[in-house]
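First up is the structure itself, then whatever we jot down about it.
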């Protein structure tokens, strides 16, 4: 009985295999280097800036003396992003519902899908410009730069992200569920509101949180819509501070204390975003779909 | 069931709801359609307003004159955006050159080579990079990357000065640093899409290559890479779209010099950076403002083109996958 064996792999081929594998591994390691470095410097320089006063005082704006903390920036970011989510999430899920439940593969639905895709590719600064042109220049609401205009810019940025994530999740809802509900005599709107949406809820929350995390880190759209002020304000009708804008302004200052505040604020921002992303992943893991 | 029991006296089917009960259905359906329509209308409206507001600059300098004149002089009220366009292309090109090979290597390593146990954590770590905001990349780049890499860059510039676009005095903030940061920023998305595309390679192809005695690398080269080529190009194009539009990180590390640098280590400017930087001072000067909005429009159109190509390539990659999944297996083996 002859044993069928493959011809031995020649040394040359074995060597090139080993080299290629090593290079792929090295490439992966290389991709992780910046992550490690950024996290290291954030913790190293950011924690040093943290203190009770850092979170409990507003930036003073004084060139000499105490530069103050980042309270107004945190408050502003939370307010602006919350309002943006309140606008973008219902609209985004609504568009996705239209696409999945009514539009399906129709021509109008494909056009909508295409333009949602287009919106995902639009640079965030262009959304800022849109709002600057339409709302800020026109002094809509009696003021030029306001927090709510920043929210609108962020909402535009979030809308396509929410819509696309929601579409994917809604498509995962089995048709058998819809058919069962319809066969029991439920009208279409009840099927959508009482069967489809609750089934897809965890996925929708995940998509929403990821979109919020993305918007929270955006600077460019806020620069010329909400701008930067020092004090904490609950008034979305006036100019408003935000973490990214505060960091951007501090980076440009040639002062150690301001740069240190930028690192502290950056660490705060990254932690807020990581918290949201982790939360989103946990929820999606518990989803019954997919 | 008797036929008579289905039809109500009014001639309407009993199974049909009265018109009033169907109203919520009608509202939901057309309400959602109107919402979708409103989104389209909004995009169209913004686009028209963008064109309207940039009209000042375009009519003064001409569309081509604005885009391709090498003269951005705010004090002299001359706005030729070529240095910005060139800066955008250099930085995003550098980002692709550095970022795409690393991203593809990561995707290959994660899907084909790494032990199953570390696959999920590795993927999560690469995606963690996407959670870092642009302004934090800028902060890190400016205070860490610029000073630490300067000696390395100077050495590169001196050693490889025979190459085009390399040499001279290293400025600190530069095209290269901006490109490097952009490369880091596009790695997560390029790698994620590449991974998705590679997941569509039929296992038959990989197993066939291995059964014929191919080494792992030969399997990757002959089965995976040819199959996912279109998808990888699409992923790279999506990364390019991101890199072109990226603003704040670039603004912080590009040096903000509105001229075309001669070397990769020179300071420069990009379309997005100029908007972010000069907006404050431009509020009082309509022509300057219009020129910045025109820069936004050029940026917008540039990303539209790049993203359209990317979408086409990714879709083609996936169509290819679907077509050959449906094809009979003997055809693949032949």
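Residue numbers (the working numbering), protein chains in the order written: chain R, 1 to 290; chain V, 291 to 624.
Beta carbons are placed, not taken as given, at the ideal position from N, Cα and C, and that holds for glycine.
Quantities reported herein were computed from a predicted structural model and do not represent experimental measurements.
As DSSP reads the structure, residue 366 of chain V sits in no beta bridge.
No Cβ of chain V is located within less than 7 Å of the beta carbon of residue 64 of chain R. Under the 10 Å beta carbon count, residue 36 of chain R is surrounded by fewer than 16 other beta carbons and is classified as exposed.
Rounded to whole angstroms, the separation of the alpha carbons of residue 410 of chain V and residue 235 of chain R is 44 Å.
For residue 186 of chain R, the secondary structure class from DSSP, reduced to helix, strand or coil, is coil. Note on geometry: alpha-carbon atoms of residue 311 of chain V and residue 420 of chain V lie some 48 Å from one another. Annotation: the continuous alpha helix (DSSP H) that includes residue 41 of chain R extends over 11–49. One Cα belongs to residue 11 of chain R, the other to residue 17 of chain R, and the distance between them is close to 10 Å.
In the DSSP assignment, residue 68 of chain R forms a beta bridge with R:59. Judged by beta-carbon spacing, residue 416 of chain V lies within the 7 Å limit of residue 31 of chain R, meaning their Cβ atoms are closer than that value.
Within chain R, the residues placing a beta-carbon under 8 Å from that of residue 315 of chain V are 187, 188 and 189, ordered along the chain. When DSSP states are grouped into helix, strand and coil, residue 143 of chain R belongs to the coil group. Contacts with chain R (Cβ-Cβ distance below 7 Å) from the segment 484–498 of chain V involve no residue at all.
Rounded to the nearest angstrom, the Cβ distance from residue 541 of chain V to residue 428 of chain V is 7 Å, consistent with a contact under 8 Å.
By the neighbour-count definition (other C-beta atoms within 10 Å, threshold 16), residue 367 of chain V is an exposed residue. Counting C-beta pairs closer than 8 Å gives fewer than three between the segment 484–501 of chain V and the segment 527–547 of chain V, which falls short of the contact rule.
Counting the other CB atoms within 10 Å of its CB gives residue 171 of chain R a total below 16, which places it among the exposed residues. Remark: fewer than three beta-carbon pairs, one from each stretch, lie closer than 8 Å, so the segment 44–54 of chain R and the segment 116–129 of chain R are not flagged as touching. Note: residue 546 of chain V is not bridge-paired with any residue in the DSSP secondary-structure output. Residues of chain R with a Cβ closer than 7 Å to the Cβ of residue 523 of chain V do not exist, since the nearest Cβ in that chain sits about 16 Å away.
Using a Cβ-Cβ cut-off of 7 Å, residue 248 of chain R counts as an interface residue toward chain V, since at least one Cβ of chain V sits closer than that to its own. The segment 515–529 of chain V and the segment 331–342 of chain V do not touch, with fewer than three beta-carbon pairs separated by less than 8 Å. Contact with chain R is absent for residue 571 of chain V, since none of that chain's Cβ atoms lies less than 7 Å from the residue's Cβ.
When rounded, the separation of the alpha-carbon atoms in residue 145 of chain R and residue 166 of chain R is 32 Å.
Taking 7 Å as the CB threshold, residue 362 of chain V stays off the interface with chain R. Contact holds between the segment 234–250 of chain R and the segment 262–271 of chain R, because three or more Cβ pairs, one in each stretch, are under 8 Å apart. Apart from sequence neighbours up to five positions away, the residues of its chain that approach residue 358 of chain V with a beta-carbon distance below 7 Å are 372, ordered along the chain. In this structure the segment 573–583 of chain V touches the segment 341–348 of chain V; the number of beta carbon pairs closer than 8 Å is three or more. Any Cβ of chain R closer than 7 Å to the Cβ of residue 356 of chain V would place that residue at the interface, and such an atom is absent. Rounded to the nearest angstrom, the Cβ distance from residue 530 of chain V to residue 386 of chain V is 6 Å, consistent with a contact under 8 Å.
Nearest neighbour of residue 151 of chain R by Cα position, chosen from R:68, R:175 and R:218, turns out to be R:218.
The segment 421–471 of chain V contains, as complete alpha helix (DSSP H) runs of 4+ residues, the segments 424–430 and 436–449 (chain order).
Only 98, 99, 101, 102, 103, 108, 109, 111, 112, 114, 115, 116, 117, 118, 119, 120, 121, 122, 123 and 124 from the segment 98–124 of chain R bring a Cβ to less than 9 Å from some Cβ of chain V. Among the residues of the segment 596–608 of chain V, those with a Cβ less than 7 Å away from any Cβ of chain R are 597 and 601, in the order of the chain.
As a beta-bridge residue in DSSP terms, residue 371 of chain V pairs with V:360.
For residue 130 of chain R, the closest alpha carbon among the candidates V:590, V:605 and V:595 is that of V:590.
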